[in-house]
Amino acid sequence: MDSNKANSGNSPERFIGADLEGARLDKTVKQHFQLPWAKARAWIDTGKVFIDGNCVSDQAFAVAAGSRIELRMSQPKKRPEPKIPDAAIVYFDEHIVVVNKAAGLMTVPHPESDETETLDRLVNDYLRIRDPDAKTNRASLGVVHRIDKDTSGLVVFARTFLAKRALSEQFRAHSIERRYLAIVHGELKAQSIRTHLVRETGDGLRGSAPKGATNSEGEELGRLAITHVDVVERLAGATLVSCRIETGRTHQIRIHLSEIGHPIVGEKVYIRGFEGELIPANRAMLHAAELGFIHPGSGEAVSWQEEASKDFQRIYKSLRLKTY
């Protein structure tokens, strides 16, 4: 690797070595030109980096060994565009950012996944582009909760350490207002579900521990999970429900609805014991529709609501039509 630092002019052509095969472009630029992360990413974002003669402005672009890399500092400044649409950013200020996540996108990276485009990273890039002078722009956003990859809807991230601490305390106290919409199989009745969830119930899946089950020390197994379910509308062979959760355990709503005999339409995992006809859908019809909390900066109660995504509405409308 050439140890000469890039200067204000165009850099000489260099070739990517075998040690960087498949590496992210931002890492490659940082190493090749001995730059801080922020400057390497800024030069990528502003169209200064060229691979084999082509401008590449994607920080996560996977480079290939033997490719020619150069910096063209005289290149006219390019205005970067965020990969996440403006419409997905529901609200942001110096403390927090609230996002309407699309289904199919992971909230944060998972150690067993090689997906590089996750919601937290896309939102962080968005803020650097749309709010470049903010003192709260960080290397990463403060993650205080998450929703499943196939679930759409509202997610909040913290932009400061103090905001993250304040929101985390509210989540621990179960004072965050969270309401989900779901389309479930069958004719469900309004009810509250209170169980203790465990990681494995004997079939390799998460689920509720038997009522009263304890460990060797006499403590109740699992973590308490509470879901309040209300009927919104009866559909053909299904029910549109509203689920308010007091706790936010992994897969809580999906597990609870399945265990009372009404798995979510499109659910692929938690359908144990269901013998009815499954209504086809590409994903579980679950949407985080409402999110409310005490703002960590102002101390005021704030809340947001978002309509369900188009695929959710399409399934809902088709089942609604069949009832007439």
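Numbering that gives the first Met the number 0 puts the first residue of the sequence shown at 0, with every later residue one more than the last.
Heads up, the beta-carbon is just placed ideally off N, CA and C, and yes, glycines get one too.
These numbers were taken from a predicted model, which means no experiment stands behind them.
Query	Result
Burial state of Pro-279, where buried means 16 or more other Cβ atoms lie within 10 Å	exposed
Proximity winner among Gln-190, Leu-239, Val-143 and Arg-271, relative to Ile-254 (alpha-carbon distances)	Arg-271
Cβ pair Trp-303, Leu-126 closer than 8 Å	no
Helix, strand or coil at Gln-304 according to DSSP, with G and I counted as helix	strand
8 Å Cβ cutoff, Val-154 in contact with chain B	Looking at the structure shown, chain B is missing, and only one protein chain is on hand.
Beta-bridge partners of Leu-318, as assigned by DSSP	According to DSSP, which records beta bridges pairwise, Leu-318 is partnered with nothing at all.
Cβ-based neighbour list, Gln-190, same chain, cut-off 7 Å, excluding 5 preceding and 5 following	Val-228
Assumed close pair Ile-146, Leu-239 - CB separation to whole angstroms, cut-off 8 Å	Ile-146 to Leu-239, Cβ: 19 Å. No contact.
Residue range of the alpha helix (DSSP H) that includes Lys-100	No alpha helix (DSSP H) contains Lys-100, which is instead part of the beta strand (DSSP E) from 95 to 100.
Lys-210 versus Leu-196: straight-line alpha-carbon distance, rounded	11 Å
Beta strand (DSSP E) segments (min. 3 residues) lying fully within the region 245 to 283	none
Start and end residues, beta strand (DSSP E) containing Glu-176	176 to 184
Separation of Thr-106 from Glu-289, as counted between CA atoms	17 Å
Nonlocal neighbours in the same chain, by C-beta distance under 7 Å from Thr-246, ignoring five residues either side	His-173, Leu-223, Ala-224 and Ile-225
Exposure label - Ser-2; buried when at least 16 CB within 10 Å	The pLDDT assigned to Ser-2 is 38, lower than 50, so where the model puts this residue is not dependable; a value taken from the coordinates is nonetheless given after this. Burial call: exposed.
Gly-141 versus Ala-212 - alpha carbon distance	36 Å
Environment of Phe-324 [buried if 16+ CB atoms lie within 10 Å]	Absent from the structure is residue 324, since the part of the chain shown begins at 0 and ends at 323.
Proximity winner among Val-96, Ser-151 and Thr-115, relative to Gln-312 (alpha-carbon distances)	Ser-151
Arg-23 in three-state terms, based on DSSP	strand
Three CB pairs or more closer than 8 Å across the region 16 to 24 and the region 61 to 75	yes
Arg-243 - DSSP class collapsed to helix/strand/coil	strand
Three-state class that DSSP yields for Ala-172 in the structure shown	coil
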